[in-house]
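Protein chains in written order, with the numbering used here: chain A, 231 to 389; chain B, 231 to 389. Reading through the C-alpha cells given below for one structure.
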DNA sequence: GCCAGCATACTCGGATAGATTATGTCCGAGTTAGTTTGG
DNA sequence: CCAAACTAACTCGGACATAATCTATCCGAGTATGCTGGC
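What follows is the structure, given as C-alpha cells:
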C-alpha cells in the first residue's frame, strides 16, 4: 500500500486543528513532517478529487477539509489514495481451466474469491467505522495540548 | 496484491484432490489454468519455503501439500506469497514532526497506526479462520463432481 | 484622499523523469527410472 | 536369469531480463494581493 495513505491521514487530522475556513498550503503540510512537497501535493490533489479535501488556488490558497470531519471515514481517505479496487482482485483463472466457461462470473461463484472478498469487506468495515472526527477526539483526549501546538506551529511557521 | 496469491490458493485446493502422497509437477499445475509455468514455479517455491507445500525433485517429482489441509489456513498461503508485513506499514512520520522524538515507538502510540493495524488484524483474522480443508469441503458440497474431474484431468493430462 | 488598473508573487494542477517492485524467462544441480552389460 | 552400474531424461531451484507501478520532480495556468498612478 502506498505510503501516501499515511501522509493523507495525518494531513486530514492536522487540518481539523486549524481555524475554521483557513486553507493550509501543501508547502506547510509537507514541512510539518519533512515530506517532499510536490509529491505530497499530488496526494492532496487525489483527496481533492475525491471530495475529502477542497482546494483553493492563488495566494492565501491551500487545502481544507471538503466536509465535516464527522463525515470523513478513514476508508474514504484510503480509497481516495489507493483507488476503489479491492486488494485481492480475482482474475477468474477458473474460466481458463477444464470445465471453465467464460460465461460464468467466477468473481461471484468461486469460493476462493468469496473468501478473499469477505476478508476485504471486514477490513473495509473496520476502516469505515472510524471517522477523522473520531481520531481527532481520541488524540485530543490522550494528548491534550496537541491541537494548540499544531495550530501554533502552522501560524509561526519558520520561513 | 500479487496475483500469485490466487494461483497459489487454487493450486493448494487442487492438490487436495490428487492421490495421497502423489506429487504434481509445476508443469501440470500451470497447464490446468494456462498459467506461465516458470513463474508459477516461483510461487510454488515460496509456498515450499513456508512449509505450505513440500517439493520432490527429479522424475516423478513435483509438489504436494506440506501438511494436512486442515492445518493450512488461507492466511498461511497469503503470507507465504506476500510476506509477513502488513499492507499498511507505518513510517512513523510523527517522529520527524514538531514535538516528535526518535525514541518513541509511533507504530504503537500513533492512533492512525493503531487504526490501520486494527483493520489489518480483522482482515488477517478472517483469512486465518478459513482453512484449505474448509474450502475443499465447501467446493465438494456445491460442485460434487469437481474432485473426480480434477483427479482425472491430472491423470489423463494431454501430452 | 480615494479609486481603478496593473504588475507581481504565490498557489494548485497536471505533465514529465527516476527508482523500486512485480512479472516473466532461462539454464544448471540433483534425482529417479529405465537400460545395458557382465557374471 | 539376476544384479549392479550406467546413461538419460525429467524435476526443482535460483539467477537473469522485462514491464508496470510507485515515487519524486519540474513547469505552466490561474488568482488574490499590494502597489501605482490618475482623478
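Heads up, the beta-carbon is just placed ideally off N, CA and C, and yes, glycines get one too. A quick note: this is a predicted structure, and the numbers were derived from the prediction, not measured.
Q: Specify the secondary structure class of residue 238 of chain A as computed by DSSP and reduced to three states.
A: In the first chain, residue 238 of chain A corresponds to position 8, counting from 1. In this structure, residue 238 of chain A counts as helix in the three-state DSSP scheme.
(Q) Ignoring anything shorter than 4 residues, give me the alpha helix (DSSP H) runs that lie fully in the segment 309–376 of chain A, in order along the chain. (A) 336–339, 341–358 and 362–372
Q) Is residue 259 of chain B close to chain A, meaning its C-beta is less than 8 Å from at least one C-beta of that chain? A) The count along the second chain starts at 1 and reaches residue 259 of chain B at position 29. Judged by the 8 Å Cβ criterion, residue 259 of chain B is not in contact with chain A.
Q) Looking only at DSSP bridge pairs, what is residue 283 of chain A linked to? A) Counting from 1 along the first chain, the entry for residue 283 of chain A is found at position 53. For residue 283 of chain A, which the question treats as bridged, DSSP gives the partners A/295.
Q. When the cut-off is 8 Å and only beta carbons count, does residue 379 of chain A lie next to chain B?
A. For this step, residue 379 of chain A is matched to residue 149 along the first chain. Yes, its Cβ sits closer than 8 Å to a Cβ of chain B.
Q. Given that a residue counts as buried once 16 or more other Cβ atoms are within 10 Å of its Cβ, and exposed if not, what is residue 375 of chain B?
A. Position 145 of the second chain, counting from 1, holds the residue named residue 375 of chain B. So residue 375 of chain B ends up on the exposed side.
Q) Per DSSP, residue 254 of chain A is paired with what? A) Taking the first residue of the first chain as 1, we reach residue 254 of chain A at position 24. The partner list for residue 254 of chain A (beta bridge, DSSP) reads A/293.
**Q.** Partner residues on chain A for residue 318 of chain B, Cβ-Cβ distance less than 8 Å
**A.** Counting from 1 along the second chain, the entry for residue 318 of chain B is found at position 88. Residues of chain A passing the Cβ test: 231, 235 and 236.
Q. Any beta-carbon of chain A closer than 8 Å to the one on residue 356 of chain B?
A. Counting from one through the second chain, the residue named residue 356 of chain B turns up at place 126. By this cut-off, residue 356 of chain B is an interface position.
Q | Simplified DSSP assignment, three categories, for residue 246 of chain A | A | Within the first chain, the letter at position 16 stands for residue 246 of chain A. The answer is coil: DSSP assigns residue 246 of chain A none of H, G, I, E or B.
Q) Residues of chain A with a CB under 7 Å from the CB of residue 239 of chain B: which are they? A) As a working note, residue 239 of chain B is residue 9 in the second chain. The answer, in chain order, is 342.
Q: Can you have a look at residue 373 of chain B and say buried or exposed, based on whether 16 or more other CB atoms are within 10 angstroms of its CB?
A: Here residue 373 of chain B refers to the residue found at position 143 of the second chain. Label assigned to residue 373 of chain B: exposed.
**Q.** Same chain, Cβ closer than 7 Å to residue 234 of chain B, five either side skipped, listed in chain order
**A.** Residue mapping note: residue 234 of chain B aligns to position 4 of the second chain, counting from 1. The answer, listed in chain order, is 273 and 311.
Q: Using a Cβ cut-off of 8 Å (strictly closer), state whether residue 262 of chain A contacts chain B.
A: For the purposes of this step, residue 262 of chain A is taken as residue 32 along the first chain, with counting starting at 1. It does: the Cβ of residue 262 of chain A has a partner Cβ on chain B nearer than 8 Å.
Q. How would you label residue 371 of chain A, buried or exposed, when you count the other beta carbons within 10 angstroms and need 16 or more for buried?
A. On the first chain, residue 371 of chain A is found 141 positions in, with the first residue counted as 1. Exposed, since its Cβ has fewer than 16 Cβ neighbours within 10 Å.
Q | residue 290 of chain A versus residue 380 of chain A - alpha carbon distance | A | Taking the first residue of the first chain as 1, we reach residue 290 of chain A at position 60. Taking the first residue of the first chain as 1, we reach residue 380 of chain A at position 150. Straight-line Cα distance between these residues: approximately 19 Å.
Q. Going along chain A, which residues have a C-beta under 8 Å from residue 368 of chain B?
A. Here residue 368 of chain B corresponds to residue number 138 of the second chain, with the count starting at 1. Within chain A, the residues near residue 368 of chain B are 341.
**Q.** Beta-bridge pairing of residue 303 of chain B - partner residues as DSSP gives them
**A.** Position 73 of the second chain, counted from the first residue, corresponds to residue 303 of chain B. According to DSSP, residue 303 of chain B bridges with B/361.
Q) Which word fits residue 343 of chain A, buried or exposed, when buried means at least 16 other C-beta atoms lie within 10 angstroms of its C-beta? A) Looking up residue 343 of chain A in the first chain gives position 113. Buried, by the Cβ-count rule.
Q: Could you name the residues of chain B that residue 360 of chain A contacts, counting a contact when the two beta carbons are closer than 7 Å?
A: Mapped onto the first chain, residue 360 of chain A falls at position 130. Chain B residues near residue 360 of chain A: 345.
Q | Proximity test, Cβ basis, 8 Å: residue 268 of chain A and chain B | A | For the purposes of this step, residue 268 of chain A is taken as the residue at position 38 of the first chain. Chain B, which has no Cβ nearer than 8 Å to the Cβ of residue 268 of chain A, makes this no.
Q) Taking 8 Å as the CB-CB cut-off, is residue 365 of chain B touching chain A? A) Position 135 of the second chain holds residue 365 of chain B. Yes - at least one Cβ of chain A is within 8 Å of the one on residue 365 of chain B.
Q | contact_flag[the segment 304–319 of chain A, the segment 328–336 of chain A] where n(CB pairs < 8 Å) is 3 or more | A | no
(Q) Cβ closer than 7 Å: which chain A residues qualify as neighbours of residue 326 of chain B? (A) Counting from 1 along the second chain, the entry for residue 326 of chain B is found at position 96. Correct list: 263 and 264.
Q) Does residue 383 of chain A get closer than 8 Å to chain B when you measure Cβ to Cβ? A) By 1-based counting over the first chain, the position of residue 383 of chain A is 153. So, interface residue.
Q. Going by alpha carbons, who is nearest to residue 239 of chain A out of B/323, B/288 and B/263?
A. For the purposes of this step, residue 239 of chain A is taken as residue 9 along the first chain, with counting starting at 1. Of the candidates B/323, B/288 and B/263, the one whose C-alpha sits nearest the C-alpha of residue 239 of chain A is B/323.
Q | Among B/348, B/357, B/351 and B/284, nearest to residue 308 of chain B - alpha-carbon criterion | A | One-based indexing of the second chain puts residue 308 of chain B at position 78. Comparing Cα positions, the closest option is B/357.
Q. If contact means a Cβ-Cβ distance below 7 Å, which residues of the segment 285–309 of chain A contact chain B?
A. 304
Q: Label residue 288 of chain A either buried or exposed according to how many other C-beta atoms from any shown protein chain fall within 10 Å of its C-beta, with 16 as the threshold for buried.
A: Working through the first chain from its first residue, we reach residue 288 of chain A at position 58. The residue is exposed, with fewer than 16 neighbouring Cβ atoms inside 10 Å.
Q. By the 10 Å Cβ neighbour count, where 16 or more other Cβ atoms means buried, how is residue 326 of chain A classified, buried or exposed?
A. What you label residue 326 of chain A is simply residue 96 of the first chain in a count that begins at 1. The residue in question, residue 326 of chain A, is exposed, as its Cβ has fewer than 16 Cβ neighbours within 10 Å.
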